[in-house]
Each structure stands twice: as structure tokens, then as C-alpha cells.
Amino acid sequence: MTSPHLPSAQPWPTVSWRERWLTWRDRMLADAGFRRRAIAFAPTRRLANGHARALFDLMAGFTYTQVLLACVRLDLFARLADGPLDLDALGRAVRLPADALDRLADAAVALRLLQWRGPRRVGLGALGATLVGNEALLAMVEHHATLYADLADPVALLRGESRAGLAEIFPYAVSDDPGELGPAQVGPYSALMSASQVLVGDEILRAYPFARHRCVLDVGGGEGTFLLRVAQAVPSAQLCLFDLPAVADRARARFVAAGLGDRAQAVGGNFRLDPLPVGADLATLLRVAHDHDDATVHAVLRSIRACLAPGGHLLLAEPMAGAAGAEPMGAAYFGMYLLAMGSGKARTADQLMAMVRAAGFDRVELLPSRIPLQVGLIHASVNEN
-15 MTSPHLPSAQ PWPTVSWRER WLTWRDRMLA DAGFRRRAIA FAPTRRLANG HARALFDLMA
45 GFTYTQVLLA CVRLDLFARL ADGPLDLDAL GRAVRLPADA LDRLADAAVA LRLLQWRGPR
105 RVGLGALGAT LVGNEALLAM VEHHATLYAD LADPVALLRG ESRAGLAEIF PYAVSDDPGE
165 LGPAQVGPYS ALMSASQVLV GDEILRAYPF ARHRCVLDVG GGEGTFLLRV AQAVPSAQLC
225 LFDLPAVADR ARARFVAAGL GDRAQAVGGN FRLDPLPVGA DLATLLRVAH DHDDATVHAV
285 LRSIRACLAP GGHLLLAEPM AGAAGAEPMG AAYFGMYLLA MGSGKARTAD QLMAMVRAAG
345 FDRVELLPSR IPLQVGLIHA SVNEN
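Position 15 of the sequence shown, counting from 1, maps to -1 under this note's numbering, and the rest follow consecutively.
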């Protein structure tokens, strides 16, 4: 019988072996003496040095990005595309003093952007070579200067105490009525998204059989870059794009310029409020969901489901949190990028698939992607019954 003067005994919380191990590990790694012994002891030296290197790279990461940005702004990769150059000739071309170019070259070589090809002679490195002519990636490198400025005081950004420049580039993310945005407001982000679409467009076309469809509706399709690629890959397909009115105008002009006026149309509207065009048997939602909150994504998916007839299909593509080999991209990179942008969040494949099912789609599946760092793919269909 329990004493009226004493509280009832409560069971001690169960602590798992994993939790005990992690607690012990944290205590050891936080101990300066343990770290010194780990460095001195040959079997643990490699692990200890690896931790130290990883921490240093986290601290120095911004510096590395600025070396890359300097190389891009000086057009070093294009200048070296035809072969190595002497630093003196390169310095005259980019108007840098010899000591400054030496410093930049040393840094770029260390980051595998450039490579020494002789005394004071430099050529492309393994990473720099992939940037030659890669307008999509070059545009993204330049674009990130705005993000880095927004992250100069990350605590202020997290507290909502600073004004993010990235939000001004993507005004639809924070606008109460994005349908009223004019050409000058949608131009910068539309051009950026168009340039970067090349990074993922080919993989999406490879991973899914677009040729099986007669009409493709690209929701939030921007300037139509992806549909232009679909037009080349599937000459028989009818094409329809839906985006904000000012963005749709840009897409319409590109369709006409490409000679697609007879089989490609661009419809302007606000997918938060307006119904989508009907008649397509495939709707695509590419790099759109992660820009918006859950309520907006649910609404867009329901609208897509409503515009598709039985037997219709949905293809959703975007970077996904938790993708194998790209785990930091979702939580760390997109988490902070979308915070600065002012809207959206990275979601896992399971979270997105659950949202697609909740919108009324059937046979929801994750398709394989060769570049999970940039794009994950979800396919779903509408039952014909």
C-alpha cells in the first residue's frame, strides 16, 4: 500500500545501449586530453585527423566558395579551355597583379579547379574543366553571392531580424498576390531558373518515357525551358505551360520563337487559386514543391489531380531531403537557402509521396535517378476506374 505522504514510485527511464554509447562518445570527443591521445595513438590518428579536417572545411567553406566565385568572375575556366597559359599572360588578360594571381592560382589548384602544368603555367583542374561552357552551373555560382550575403549573420536570419536579398529575387515566395507581379519582377528569377533547368532536364527526360504521352502540362514551368527540350525529344507531343501571367508571357514568346506556336501554349494564372488547364495526360511539377509551404503544395497537387482525366499521370521532380549520398543538401543547404528565400522547405521522398497520395493519386512510386544530388523523381497515376 502506498504511503499517503510519499509520491508513488516512478519507473526510471530506459536508456538504450545506443544512447549510452553516444553519451560516452560525446564525453570523450569533448575532452581535450582524449583528443591529444587520439592524435598520438597511431590506430586512431586517421580518425582524429579526419574529424579535424571536416571541422576545418566547415569553417573554411565560405573561403572556398569565394575562390570559385573569383575564378568565375575572371572567366578563368573559359580562358584556359583551349590549353594552359603562363601566369604572366593570364594576369594581363584578367588585370590582376602578379602576387594576387599567384595567390588565387595556388588556392584554385588546391581546390582542383586549376592544375599546375609547369613553372608558372596553369591549366584546368578536374573540377574546373566541368565548368567550361556550363552556363547553368556558372549562373548558379554567381547567384549564390546573394545567398552568402544573406547568411552573413545566420542568427539574425533565423530570428527574422534581417532582410534577405534572396527574397527579392524570388518575389512570388513572399507576395500576397503573386499573380500581380510584373515583367521586371519575374525576369531575374525566371532567367535564373531557365539557365539552371538544363542541369536536371536531361536526367528527367532519360528517367521517364515521355513518348508515351500525347499532351504534357508543365505546372510552374517558368520560361518553358523544359518543355522546349520535351518538344525536341517527343515531336508528336502537345505542350502546355502554366505559370504566373508575366512568366507565361515570357514562355509564350520563346515558344513562338522556336516555331512551336502550333503545339505549345502558355497559360497565365496563380496555381494557388486558379484551376489548371485540362486535356493533358501527363502533368509535371519540376523544382516547385520545395519552394512552398505544405498548404500550397497540397493545394497544387489537388489542382493537378483535378485537371487530369482517369489514366493521367504526374511526374514530380526536385532535390529531396535525405537522398543517399546527398544528405547535407536537404537539411543544411536547402534548409538555409529556403529560409533566406522566405518560403518552402526540403522534404524527403516519403513526405512528398504521402502528399501525392493525399491529393488522390494512385500507384505512387519513386523512380531511380542518376543524379540524386540535383533531382529525385516521383511518378504517380490516376486510376482509370
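Glycine included, every Cβ here is placed at the ideal spot set by N, Cα and C. Small disclaimer: the values here were computed from a predicted structure and weren't measured.
Checklist entry - Quick one: what's got a C-beta closer than 7 Å to Phe61's C-beta in the same chain, skipping five residues either side? => result Counting only Cβ-Cβ distances below 7 Å, and skipping sequence neighbours, we find Cys55, Leu108, Gly112, Leu115, Val116.
Checklist entry - Would a C-beta distance cut-off of 8 Å place Met313 and Thr332 closer than the cut-off? => result The beta carbons of Met313 and Thr332 sit no closer together than 8 Å.
Item to check | Contacts around Gly326, its chain only, beta-carbon distance under 6 Å, and the 5 residues preceding and following it disregarded | outcome: Ala151, Ala157, Val158
Checklist entry - Any idea if Pro162 is buried or exposed, counting beta-carbon neighbours within 10 angstroms, 16 or more meaning buried? => result buried
Item to check | Coil, strand or helix - His363 by DSSP | outcome: strand
Item to check | The beta strand (DSSP E) enclosing Gln370, as first and last residue numbers | outcome: Lying outside -15 to 369, the shown extent of the chain, residue 370 is not represented and no answer is given.
Checklist entry - For His363, which residues of its own chain have a beta-carbon under 6 Å away from its beta-carbon, when the five flanking residues on both sides are left out? => result Leu299, Glu349, Leu351
Item to check | In DSSP terms, what Leu108 is bridged to | outcome: Leu98
Checklist entry - Val214: buried (16+ other C-beta within 10 angstroms of its C-beta) or exposed? => result buried
Checklist entry - What residue from Gln358, Val284, Val359, Leu357 has the CA that sits closest to Phe345's CA? => result Val284
Item to check | Candidates Leu39, Ala330, Arg147, Arg143, of which the one nearest Leu131 by Cα | outcome: The residue from Leu39, Ala330, Arg147, Arg143 with its alpha-carbon nearest to that of Leu131 is Arg147.
Next on the checklist: So, at 8 Å on beta carbons, what are the nonlocal neighbours of Gly67 in its own chain, with the 5 sequence-adjacent residues on each side left out?
Outcome noted: Gly107
Checklist entry - Is the CB-CB distance between Gly204 and Leu257 below 8 Å? => result No Cβ-Cβ contact shorter than 8 Å links Gly204 with Leu257.
Item to check | Residue closest to Gly328, alpha-carbon to alpha-carbon, out of His297, Val272, Ala242, Arg347 | outcome: Nearest C-alpha to Gly328: Val272.
Item to check | CB-CB length for Leu266 against Ser287, believed under 8 Å | outcome: Contact flag wrong, Cβ pair sits at about 15 Å.
Item to check | Euclidean distance between Cα positions of Ala279 and Leu85 | outcome: If I take the Cα positions, the gap works out to 51 Å.
Next on the checklist: Which same chain residues end up closer than 7 Å to Ala250 when comparing Cβ atoms and leaving out the 5 residues on each side of it in sequence?
Outcome noted: Gly208, Leu225, Ala232, Ala235, Arg236, Phe239
Next on the checklist: By DSSP's criteria, Asp202 is part of a beta bridge. Which residues make up the other side?
Outcome noted: Asp202 is bridged to Leu225, Thr268.
Checklist entry - Is Arg275 helix, strand or coil when you go by DSSP? => result According to the sequence provided, residue 275 is Asp. The question's Arg does not apply to it. DSSP places Asp275 in helix when its eight states are reduced to three.
Checklist entry - Can you tell which of Ala308, Arg96, Asn367 has the C-alpha that lies nearest to the C-alpha of Arg354? => result Ala308
Checklist entry - Going by beta carbon distance, what residues of the same chain come within less than 6 Å of Leu361, once the five residues before and after it are set aside? => result Closer than 6 Å at Cβ, skipping near neighbours: Ala191, Ala301, Leu351, Ser353.
Next on the checklist: Below 8 Å on the Cβ atoms is my contact criterion, and I expect Ala32 with Ala22 to pass it. Report the Cβ-Cβ distance as a whole number of Å.
Outcome noted: 4 Å
Checklist entry - Can you round the beta-carbon distance between Arg198 and Ala221 to whole angstroms, since I take them to be within the 8 Å contact cut? => result About 6 Å; that satisfies the 8 Å criterion.
Next on the checklist: Measuring straight from C-alpha to C-alpha, what distance separates Phe18 and Ala26?
Outcome noted: Computed Cα separation, rounded: 14 Å.
Item to check | Check whether Leu244 and Ala264 have beta carbons under 8 Å apart | outcome: no
Checklist entry - Who are the Cβ neighbours of Asn367 in its own chain at under 7 Å, not counting the five residues just before and after it? => result Pro294, Asp346
Item to check | Nearest-angstrom Cα separation, counted from Ile153 out to Val170 | outcome: Their Cα atoms are separated by approximately 8 Å.
Next on the checklist: Within the continuous alpha helix (DSSP H) that includes Gln169, where are the two ends?
Outcome noted: 167 to 191
Checklist entry - Tell me the DSSP bridge mates of Gln249? => result Under DSSP, the beta-bridge partners assigned to Gln249 are Cys224.
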